[in-house]
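Following: one structure in structure tokens, then a few remarks.
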Amino acid sequence: MIAPPLQRFELFYTEDLDDARDLVGQVFVPHRLDLAGGCTKVRARMHTKRLDRLAANYVTYGGGVLIEPGELGSFFVVQVPLAGQSLVQYGGEELLSTPDTASVVSPTIPLTQRWSTDCAQLILRLERPALEAHLRHLTGAPLPKPLRFDLGMDISTGSGRMWAGHFRLLVDELDRTDGSMVTNPLVFTELEDLLMTSLLVAQPHNYSHLLTASQLSPIPNRAVTMVREMIENHPEWEHTVASLAKLAQVSVRALQLAFRQHVGVTPREYLWSVRMRRAREELLASQRDTTTVARVVARWGLGHPGRFAALYVKQYGELPSETLAR
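Going by my numbering, the first residue of the sequence shown is number 109, and it counts up by one from there.
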């Protein structure tokens with residue numbers, strides 16, 4: 109028998125409807141939960157793992173149920189059925205959610221759901237302040253109205269399928285017992301960004317038009333120059349694309365497009381090339397008895413020494429240790 113997702117993070121198993129209501133309500137919001145479809149009992153299970161700005165959940169009730177949480181308020185959810193189906197009523201819309209069609213629920217719209225007896229879902233919770241801040245970083249624009257997604261997302265093809273693949277990647281990594289990358293804060297931060305960005309691009313919403321290249325205002329050359337000077341003067345600092353965009357007072361997306369247009373590379377690629385050049389200069393100016401390749405790599409934030417060495421050979425035609433030995 110195949111284990112359900114996120115089994116290492118089991119929150120509860122219960123056959124008591126009231127217990128299921130209370131425990132699920134502690135993770136999401138207090139809600140109405142009633143038996144439906146002629147069912148007389150439940151075999152409810154929930155697995156949950158919270159990261160920073162999001163949480164991955166697996167929920168099944170083992171019986172037909174009516175769920176009525178109303179407005180979620182402080183978070184979005186994307187519900188991906190693995191089996192069965194859910195009839196979702198949401199702001200005057202109705203959606204039959206199946207393994208090919210996820211539901212994307214925004215926090216300001218009342219929600220009612222009716223799950224089939226065999227319904228089991230992966231549910232991604234995204235904190236509203238985090239997702240809306242991420243959208244502002246991408247567009248550089250204010251959000252005068254609450255972010256609201258279209259309800260149904262086709263996850264059988266196209267960008268919806270791509271997003272669902274990213275979600276499954278997160279779940280699969282959390283399920284690993286042989287050293288998951290998600291235990292590294294740098295990695296799960298990148299995964300959170302990936303899930304938020306790809307959701308905002310894949311699923312239509314009331315600010316989708318701001319994410320098209322045609323809607324991004326061209327940024328002046330001085331902004332690119334300012335960022336290049338910051339990188340050249342302080343390549344050892346812990347820069348991110350978001351911090352560099354904030355310095356230039358432009359959106360992340362606009363800065364990326366401007367660098368592509370004016371420099372031919374992304375800000376991240378430019379930062380890496382400057383750090384690589386500075387590392388080579390230090391290796392050429394140093395002696396074996398005063399430094400090591402590992403120290404130089406660490407000083408310039410160039411990651412794992414082995415990966416650095418491979419890229420160094422590709423760019424300069426010799427090992428960093430050979431440069432240091434000159």
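Where a beta carbon is used, it is the ideal one built from N, C-alpha and C, also for glycine.
Would you check whether the ligand FAD has a heavy atom nearer than 7 Å to the C-beta of GLU123? Of the ligands one can find in the structure shown there are none, so the ligand FAD has no counterpart to examine.
Opening and closing residue of the beta strand (DSSP E) in which HIS155 lies: Looking at the DSSP string, the run of the beta strand (DSSP E) that includes HIS155 is 152–158.
What separation, rounded to the nearest whole angstrom, lies between the Cα atoms of SER322 and LYS354? Its pLDDT being 49, under 50, SER322 is placed unreliably in this model, and the value from its coordinates should be taken loosely. Cα-Cα distance, rounded: 21 Å.
Output yes or no for whether 8 Å exceeds the beta carbon distance between GLU176 and LYS149. No, the Cβ-Cβ distance between GLU176 and LYS149 is not below 8 Å.
Pick out whichever of GLU426, HIS155, MET338 and PRO343 has its Cα sitting closest to the Cα of LEU128. The question names Leu, but residue 128 is Ala in the sequence shown. Per the Cα distances, HIS155.
Quick check on GLY178: does DSSP put it in helix, strand or coil? strand
Looking at the secondary structure, which residues open and close the beta strand (DSSP E) in which VAL213 lies? 209–213
Rounded to whole angstroms, what is the Cα-Cα separation between ALA418 and GLN395? ALA418 and GLN395: Cα-Cα distance of roughly 21 Å.
So for GLU300, helix, strand or coil by DSSP? helix
Out of LEU318, GLN221, THR247 and LEU125, state which residue places its alpha-carbon closest to the alpha-carbon of ALA350. THR247
Within the same chain, show all residues whose beta-carbon is closer than 6 Å to that of LEU174, passing over the 5 residues directly before and after it, in chain order. ASP142, ALA144 and ARG222
Mapping DSSP to helix, strand and coil, what is SER322? Note on SER322: pLDDT 49, under 50, position unreliable in the model; the coordinate value appears next. Three-state result, SER322: helix.
Going straight from the alpha carbon of THR297 to that of TYR121, what length do you get? 30 Å
With respect to the beta strand (DSSP E) encompassing GLY273, which residues constitute its N-terminal and C-terminal limits? It is not in any beta strand (DSSP E) - GLY273 instead sits in the alpha helix (DSSP H) that spans 266–283.
Quick check on DSSP: helix, strand or coil for LEU427? coil
Rank LEU239, VAL421, PHE117 and GLY372 by C-alpha distance to the C-alpha of ARG158 and give the top, closest one. PHE117
So what does DSSP say about ALA164, is it helix, strand or coil? strand
Can you name, in chain order, every residue of its own chain whose Cβ lies under 6 Å from the Cβ of ASP226, other than the five neighbours on each side? ALA191 and GLY192
Mind checking which residues open and close the alpha helix (DSSP H) that includes TRP380? 375–393
Sorted by chain position, which residues of the same chain lie with C-beta nearer than 7 Å to ARG407's C-beta, five sequence neighbours on each side aside? Hits under 7 Å: GLU344.
Would you mind sorting GLN187 into buried or exposed? The rule is 16 or more other CB atoms within 10 Å of its CB. buried
Write down the C-beta distance between PRO113 and LEU230 rounded to the nearest angstrom, noting that I regard them as a contact closer than 8 Å. 6 Å
Using DSSP's beta-bridge definition, name the partner residues of ILE217. Bridge partners of ILE217: none, in fact.
For ARG330, tell me which candidate among MET304, GLN311, VAL358 and THR348 has the shortest Cα-Cα distance. Nearest of MET304, GLN311, VAL358 and THR348 to ARG330, Cα basis: VAL358.
Taking the beta strand (DSSP E) that GLU235 belongs to, which residues open and close that run? 228–235
Just mark GLY268 as buried or exposed, buried being the case when its beta carbon has 16 or more other beta carbons within 10 Å. Classification of GLY268: buried, given that the 10 Å Cβ count is 16 or more.
My assumption, with CB atoms under 8 Å, is that SER306 sits in contact with MET261. Please give the rounded CB distance. So it is not a contact: roughly 11 Å between Cβ atoms.
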